[in-house]
Every structure is written in C-alpha cells, then in structure tokens.
Amino acid sequence: MNSLNELIPYLKKGVIPISETIHVYEKSLFKYEDSYIVMIKDKNKKYLICTGQSNLLHDLEGKNIDNVSKLCDLTHENRLILNNYFPFTVPRAFGRNEITVGLGDRIGMATPGHIKSIQESNAKPIFAQQSIRELNLTNRTMEDVIDCAAFSVFQEGYILGYGADGDHLKDELDISREINLGISMLTLDCSDYIKNNLDLENEYSINLLYDELDEKFKRHYEATYLNQVFQLKNTILTYTEKDLKKAAIIYSAAIQYMIYIYQNYIQPLDRSIDFEISIDETQTVTTPHDHFFVANELNTHNIMITSMAPRFCGEFQKGIDYIGDIDLFNKELHIHSQIADYFKYKLSIHSGSDKFSIYNSISQITNQRFHLKTAGTNWLEALRLIAKVKPDLYEEIFNYSYNHFNETQKFYHITPNLNNITPLQNIEYKDYYTHLNNDNVRQLLHVSFGILLTAKDNKGNFLFKNRLQTIWNEHEEDYHEIIRKHINKHLKLLNLIKPSA
Ligand SMILES: [Zn+2]
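Everything in the sequence shown is counted per the numbering used here, starting at 2 for the first residue and increasing by one.
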C-alpha cells in the first residue's frame, strides 16, 4: 500500500488526507488527545488509520506504518476499542419519548444509507437489529451486526446515537448472550407462551381452560378487572367475565415469562435498556381487552416497558404495502394507541417497511409516539442496485430464487402469485431495476436473502455472496443513495422529515 504513506503526513496534522487511489471517508476524521483517526477504503477493503502517541493508537490492533501511525482492520476487537474512546459508537437506549425507527441492515452495508436518511428526520435509529432467524439464515452473528453498525456510524461521523435491538428473542440463553454483547433494546418474543389454537368460542371450553389457571392468579384477575371501569382518553374499557377469562387463558403464562425476564435480566443491569414486548407473532389479532390486560399486569408488577407490539388486524407481509381494511385498522390503532398512552409507552409496528398506505394514520393517530421496525427492505434495494448495474447477475439471482421458492417461503408468511411476474425475457436490461416494483417479485426476493447469501457451488465457493459484495462495495455511494430515497419515502409519509431537510 504505497500511497498510504502519502496520507500519513496529512493525518498527522489533522487534515483530511487526499489520495488519487485511496478513498477517504471525510466524515470519519476524529481526534483523541494528540491522535487523529480516519476510515479509508483501499481496493474495496476498509481500514482505520490512526496517528499520534495516545492510548487510542496503542490500544488499536494493526500494522505499524511508522512508529506513530497504524493501519487497522475493521475487526470486532477494534470496534470494542472505538467504543472505549468514542461513546457515540456504543449502542444506546432511547426510552419512551423518542420516535424510533428500526433499520436492520441485512447485508451489513446498508447503514450508511440509513444514516443519510435518518439525519433528515426527527427520529432516532436502531441500526443493529437482527432476529435469531435472520442471523441463522445469513450465517451472521450479533457481534458482527453490532460491529457493522458501529463502524458505519464512525464512517459517517454520525454522533447522535443509535440502538442495537436483540430482535424477537425468545430463549433465555440468547437473551443473556445478547445483553452481554451490549444490545440497548430487547424485543421479547413471547409467542412460545401465548396460547393459540384454543377453542375460545363456547363458554364450556373457556371455563374449562380458565379453571386450570392458578387460584391465586384467578383471584387477582377477578378483583382487578371485573366490575371495574378503565377510562382511556376517548374510550371506556370494561371486562365481561368472558373477556377476562379469554385474556387470562391466552396471556397468563406469557405475562409470567415477561416478568421473569425483566426481573432477572433487565432490572439488575446498571445501564438502561429499551424493553419491548412482542405479542404480534400469533395467529389471533390482539383485542383491546387483551392488550390492556397484558399492559396492566406488567404495570402492576412494576415492569417498565418501552414499547409493545400488538398483532394488528390485516396483514403486514414482508416488503409490500399493508393488506386489509384500512378503516378498521385505523379504528383499532386508535384504541391501541390510547392504551399505550395510558401506560406511557410507545406502540411498536413490526414488518413496518413499505406500508405506505397507513403511515399517515400511524403518524396522526399515535401522535407520533411509535417505534417502527423495518428489516429487509434494504436488501431489496441492494438487489435493485444489482439489477441496475449488473443485469445478468440479477437474472441469475432471480432464477435461483424462483427455483428455490419452495424452501425459502416456509420461513415467512407471504402470499405472492409467481404467475403474475413479468418474465425477464420480456424486459430490456436497462429496465430491470423496475422489476422490483412488482409485489410478487419483491416477496419472492425478500425471503431469498438467506439462500442467496449462503449458497455454495460443489467446490464450496459462494455462488453469489462474493460477487454481490464486490458490486455493493464498488457502487457503495449509489447503493446508499437508493436506500436514502427509499427510506425517505417512509419518513415523509410518517411526517418525520425535518422542515429544513
Ligand atoms: Zn414482530
């Protein structure tokens, strides 16, 4: 790396280095005591270079360029060093009053684009956010996900703070592991404890199931909810015996689990963490009675949650707009957000990308008190870039996804009709990127990320991963601009864009 030597004299003076061959990320120039540090990209690989005599230089692992400067790889160890010296690179909690948007980065390269977008808004970002399912499907670890987010905020000089969400965690082991890794938000998925598929229509079976609950719980529930009036802002909530019994049957065990996790893992921490309760991954729509019941039980036990994700009516399928009756959704959202306000937490909306027809309602009805999760839409935009700059590779990817749809669709609830996809032979190369405007294409490709990023040929080489990463890397700025535009479309409809932007 010859031209590297040219950069050092600039950096030693705290000036953004100039080079013909090496890309310097201007916004990543930071100072610590007498040290300057900046991120660069040489031959598609990123490094940090650091000068000076401070402990920062001493602590970073890397190759000495001379005795007061080092070239450092973007390793997990070096991310932890950055965390020690630059607090904005550490994931942080945002509490109940900030509007937050989850912007999971499926490929580990989308975050700078997300930063460009979120900077134009009033919202706070959760850049590191992958569920166990997504980690498994992509062969990534939560360490890697947080590393990518931390290096991205450093690269872009984004000092306003970001969160890391242990998304949809169910098992105690995963929870304790990810808390130790420094997540700032825990989304507890209680679906294993939520009773589904029960016959709750006839009174006989309701009574039978309710009778199985612990006496002490039943006494407490009946005293708390029967013959009581709960006054929400514009709604009065009362429980019939049937409302109460149904809520208790479905959620009692889940509530015990929420309390257990909070008391054993969150309360003992000496830092704050955003605690989200997810009851959305069930087949039954969360009724206002159910939502209030869960929230009130948590409140009674002094469990501080930051947000709750009920299961709304209609369908929130991946990568496409809301499917369902929008008036009914608005009506339900109105009551759910009154419940959230009553307990002072935020309503959380999952699978929240591309739901353009309901963003305005979400913004208005919740009075901008919400958390919106998006995770995979940046993956689709990454493929849009491929369709734009390398249409033949896009064709390969599309065909591979098409032929493996039976395997990929079982991980997600989606309902595309593959017969409604225009064959690529009928589209010109220059128009390939519009192929992704078709909802059926979006869903097909949305669920294929795991198989595409891990598929190998019979020699054990990646079929697509390396080629894709090379292109994403070479066209980094184009990719980030595509993402910025796409996410801004969301933020605009949510009324989150700052007037000056
Ligand atoms: Zn969810």
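We treat Cβ as the ideally placed atom computed from N, Cα and C, and that holds for glycine.
Here the structure is a predicted model, which is why all the values come from computation and not from measurement.
Query                                                                                                                       : Result
Whole-Å CB distance - isoleucine 324 paired with glycine 315, under 8 angstroms assumed                                     : 6 angstroms
DSSP-derived helix/strand/coil call for methionine 305                                                                      : coil
Complete runs of the alpha helix (DSSP H) confined to the region 40–77 [at least 4 residues]                                : 56–60
Contact under 7 angstroms by Cβ, leucine 495 with serine 352                                                                : no
Contact test: serine 402 Cβ vs ligand 1 heavy atom, cutoff 6 angstroms                                                      : no
Glutamine 426 in three-state terms, based on DSSP                                                                           : helix
DSSP-derived helix/strand/coil call for glycine 315                                                                         : coil
One or two residues paired with glycine 103 in a DSSP bridge                                                                : Ile127, Lys374
Proximity test, histidine 481 beta-carbon vs ligand 1 heavy atom, cut-off 6 angstroms                                       : no
Secondary structure of valine 25, DSSP reduced to three states                                                              : strand
CB of alanine 296 within 7 angstroms of CB of phenylalanine 218, strictly                                                   : no
Integer Cβ distance of tyrosine 433 from alanine 383, believed to fall under 8 angstroms                                    : Not a contact, Cβ separation roughly 14 angstroms.
DSSP three-state assignment for lysine 217, whether helix, strand or coil                                                   : helix
As assigned by DSSP and simplified to three states, the class of methionine 186                                             : strand
Reduced DSSP secondary structure (H/G/I, E/B, other) of leucine 348                                                         : strand
Within 7 angstroms, strictly: CB atoms of serine 118 and isoleucine 428                                                     : no
Top-ranked residue by Cα proximity to phenylalanine 412, from Ser501, Lys32, Ser132, Ser70                                  : Ser132
Three CB pairs or more closer than 8 angstroms across the region 450–457 and the region 465–475                             : yes
Cβ-heavy atom distance, aspartate 193 to ligand 1, below 6 angstroms                                                        : no
Isoleucine 82 vs leucine 187 beta-carbon contact at 7 angstroms                                                             : no
The region 370–377 touching the region 332–349, judged by at least three CB pairs closer than 8 angstroms                   : yes
Distance cut-off 6 angstroms: histidine 351 Cβ against heavy atoms of ligand 1                                              : yes
heavy atom of ligand 1 below 6 angstroms from serine 308 C-beta                                                             : no
For glutamine 232, the residue or residues it bridges with in DSSP                                                          : Ile237
Continuous alpha helix (DSSP H) stretch holding leucine 5: start and end                                                    : 5–13
DSSP-derived helix/strand/coil call for histidine 447                                                                       : helix
Integer Cβ distance of glutamate 27 from isoleucine 17, believed to fall under 8 angstroms                                  : 5 angstroms
Proximity of aspartate 342 and histidine 290 at Cβ, strictly below 7 angstroms                                              : no
For isoleucine 184, the nearest candidate out of Asp148, Gln156, Leu201 (CA to CA)                                          : Asp148
Neighbour-count burial assignment, glutamine 426, 16 or more Cβ in a 10 Å radius                                            : exposed
Sequence-distant residues of the same chain with beta carbon closer than 7 angstroms to leucine 381, five excluded per side : Gly320, Leu437, Arg443, Leu446, His447
Those residues which DSSP pairs with aspartate 166 across a bridge                                                          : Gln130, Met186
Where the alpha helix (DSSP H) through isoleucine 278 begins and ends                                                       : Premise fails: isoleucine 278 lies in the beta strand (DSSP E), 275–279, not in any alpha helix (DSSP H).
Buried or exposed (CB count within 10 angstroms, at least 16 for buried), glycine 461                                       : exposed
Member of Leu201, Lys196, Ser177, Ala249 whose CA lies at the smallest distance from the CA of glutamate 223                : Ala249
Any non-hydrogen atom of ligand 1 closer than 6 angstroms to aspartate 175 Cβ                                               : no
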